[in-house]
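A short write-up of the structure that comes next.
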Amino acid sequence: MTEITLRTLTGAALTDALDDLAHLRITVFHEWPYLYEGDMDYERNYLAKFAGSKGAVIIGAYDGDRLVGAATAAPLADHFDDFAGPFSKHGLKAEDFFYFGESVLLPEYRGHGIGVRFFEEREKAAQAEGFDRIVFCGVMRPDDHPMRPADYVPLDTFWRNRGYEKMDGIVCDFPWRDIGDGEETRKPMQFWSRTLAEDG
Numbered sequence: 007m008t009e010i011t012l013r014t015l016t017g018a019a020l021t022d023a024l025d026d027l028a029h030l031r032i033t034v035f036h037e038w039p040y041l042y043e044g045d046m047d048y049e050r051n052y053l054a055k056f057a058g059s060k061g062a063v064i065i066g067a068y069d070g071d072r073l074v075g076a077a078t079a080a081p082l083a084d085h086f087d088d089f090a091g092p093f094s095k096h097g098l099k100a101e102d103f104f105y106f107g108e109s110v111l112l113p114e115y116r117g118h119g120i121g122v123r124f125f126e127e128r129e130k131a132a133q134a135e136g137f138d139r140i141v142f143c144g145v146m147r148p149d150d151h152p153m154r155p156a157d158y159v160p161l162d163t164f165w166r167n168r169g170y171e172k173m174d175g176i177v178c179d180f181p182w183r184d185i186g187d188g189e190e191t192r193k194p195m196q197f198w199s200r201t202l203a204e205d206g
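Numbering-wise, the sequence shown is residues 7 to 206 according to our numbering.
In C-alpha cells:
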C-alpha cells in the first residue's frame, strides 16, 4: 500500500472536501450493516448540517491527492435533533458532548491502522474544542437479517479497545433508504461514549 497522509480539515478546506466525502459515504455505507442506497441530494442535505457547525472537522486520509477515507466530528448540539433527543430524555445535555460521525475507508486501505488514527485525531479535535466527553452511534441490525454476511465481525471489540462503552438506554433513530427500498425508513442507532483523561 502507498503511504497514506492524514489531514485535519476545517473551514474552507472542509467545505471543499464535502462532495468527495459524500461519494465515500455512498460507497462505504452501501455495505453491511448500513445498506445505504445513497444519492447526492440526501448527502448534501446531511453534510450541510454537519458543515454548519463551527466545531466541525474532517480527518481525511489521502493517497496522494485522492481522498480514500474520512472521519468526521462536531459538537453534538450542532447535529440533527434526532441524535441529541435521547440525551435530554436521560437528563444529559447535548452541549456537553462531542459527536463522532462517520468513519469511512475504502476496503483496500483497511487493516493498516487508519481507523485507530481516525479516533486519535478526532479526540484531539474534541479536546481542542474544550470537550472531554465523546459519543458516537452505530446502527443496530437483527442477527437474522437476510443481508448479514456470514463472516461479519461487529466493531464492538475495536471500539472497546479504544476506551468506548455502550450507553445503556441511549438509542436514537435516523432515516435513510436501504438497498432495494423505495422510501426511507428509520433505523435504531446505539450510542457509545468515552470520557477523555485530562492529560489526553
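Glycine included, every Cβ here is placed at the ideal spot set by N, Cα and C.
Close-in-space but distant-in-sequence residues of the same chain around L20 (CB under 8 Å, 5 per side omitted): A57, A62, V63, I64
Can you say whether D45 is buried or exposed, counting buried as having 16 or more other CB atoms within 10 angstroms of its CB? exposed
Given a threshold of 16 other Cβ atoms within 10 Å of its Cβ, counted over all protein chains shown, does E59 qualify as buried or as exposed? Correcting the residue type first, residue 59 is Ser in the shown sequence and not Glu. Result: buried.
Based on Cα-Cα distance, which residue from P181, T163, F124 lies nearest to D87? P181
Would you please state the rounded distance, in angstroms, between the beta carbons of A131 and T14? I believe it to be under 8 Å. 7 Å
C-alpha distance - Y141 paired with W198, whole-angstrom precision: Reading the sequence as shown, one finds Val at residue 141 and not Tyr. C-alpha separation (whole angstroms): 6 Å.
Go ahead and pull the three-state DSSP assignment for F103. coil
Can we say the segment 142-160 touches the segment 34-42, given the rule of at least three CB pairs closer than 8 Å? yes
Please state the DSSP three-state secondary structure of E49. helix
Taking Cβ to Cβ, would you say R139 is nearer than 9 Å to D102? yes
Would F164 and V110 be called neighbours here (beta carbons separated by less than 9 Å)? no
Cβ-based burial, D84 [other Cβ within 10 Å; buried from 16]: buried
If you draw a straight line from the C-alpha of T33 to the C-alpha of R147, how long is it? 19 Å
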